[in-house]
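Novice: Numbering (UniProt numbering), first residue to last: 1 to 265. Where is the CB? At the ideal position from N, CA and C, for every residue including glycine. Quantities reported herein were computed from a predicted structural model and do not represent experimental measurements. Please read through the structure below; I'll follow up with questions.
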Amino acid sequence: MEEKVIEQFFELLSWRKLLNTAAVLIVTWLVLIVLEKAVSLLAERFPRYRQVPNRFYPLARVFIWGVITIFVIVVILDPPDTVLFTLLGSTGLAIGLAAQDGLRNMLAGLMIMFNPPYRVGDMIELAGHYGEVIKLDWSVTWLRTFDDSVVMVPNGEILKNTVSNSSAGSLDELVKVEIDIPVQADHHQAIALAKEAAACSPYVYLKKPIIVITSTRYEFGRPLVRLTLKTYVMDVRLERRFASDITERVLDAYKEAGILPSLAA
């Protein structure tokens, strides 16, 4: 019996089957590269709708590889049941013992794709890193931070850490800007100027409200009024540029209105 299984096993390793398998895998790999490039071009060509093709690709890749794997095993290799079960058992045991962390990351990757806490294009904070999800692999999530660094976070981290999603599937995103003014300043005027500055920014998403929340705080024993401006940027990639633009506009408006010079008093 064992000799028969071994003989059938070596029949699977014939040059014809190996070459056919290699050809199918190479063609699939090339097709996925072309598909990924096409998705990237569509995203750059239509940035307003870039999240749609970017979210489609990870699931398409999993589906394609799944179909190809079944095709190779069933059609090309076509192993007898005894050999198939022997290979599956031995391979599963070996992989399970040798790559526990990798399997956990791949399992988490599949969970993300089918029940996603985030998708490609979202702004998230994961494992201490904050940035845009630019790629979602089976085992790692690729983030681009605002200092233009690319961080690869193992997908297994989502099983151990809280994920903060700032955009949650939307192209726009809430941005918060904090500005302190002295208590002697006219806070009503300061609020109006802050709202006007945000509304005049070229990056603002005006279909959602602009809100200013006031609070008090002390710094070096001096009372201050903190204005927290909450507004939406039209594109998550412009978050920091938007916050900087609002800050500059507010500072210019406050200086012109005589609000900031009172700090020297």
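Is the Cβ-Cβ distance between V212 and L229 less than 8 Å?
Specialist: yes
Novice: Which two residues bound the contiguous alpha helix (DSSP H) that contains R249?
Specialist: Here the alpha helix (DSSP H) through R249 covers 239–257.
Novice: Helix, strand or coil: how does DSSP classify T69 here?
Specialist: helix
Novice: So what does DSSP say about I76, is it helix, strand or coil?
Specialist: Three-state DSSP puts I76 in a helix.
Novice: What residues match up with E178 in a beta bridge as DSSP calls it?
Specialist: T228
Novice: Can you grab the Cα-Cα spacing for the pair P182 / Y218, in whole Å?
Specialist: 10 Å
Novice: In terms of residue numbering, what span does the alpha helix (DSSP H) encompassing L193 cover?
Specialist: 187–200
Novice: Among the residues of its own chain, which have a CB less than 8 Å from the CB of T145, if the five just before and after it don't count?
Specialist: H129, Y130, G131, V151
Novice: In chain order, what residues of the same chain have a beta carbon less than 8 Å from the beta carbon of L97, not counting five sequence neighbours either side?
Specialist: Residue placement at L97 is flagged as unreliable, the pLDDT there being 48, under the threshold of 50; a coordinate-derived value is accordingly withheld.
Novice: Can you tell me which of the three DSSP states G131 falls into?
Specialist: strand
Novice: Compute the distance between the beta-carbons of L126 and E157, then report whether it is under 8 Å.
Specialist: Yes, they are a contact pair.
Novice: Let's see if you can read the secondary structure: which residues bound the beta strand (DSSP E) around M123?
Specialist: Residues 123–126.
Novice: So, are the CB atoms of N155 and V140 less than 8 Å apart?
Specialist: yes
Novice: Is M152 helix, strand or coil by DSSP?
Specialist: Reduced to three states, the DSSP call for M152 is strand.
Novice: Which two residues bound the contiguous beta strand (DSSP E) that contains W142?
Specialist: 140–144
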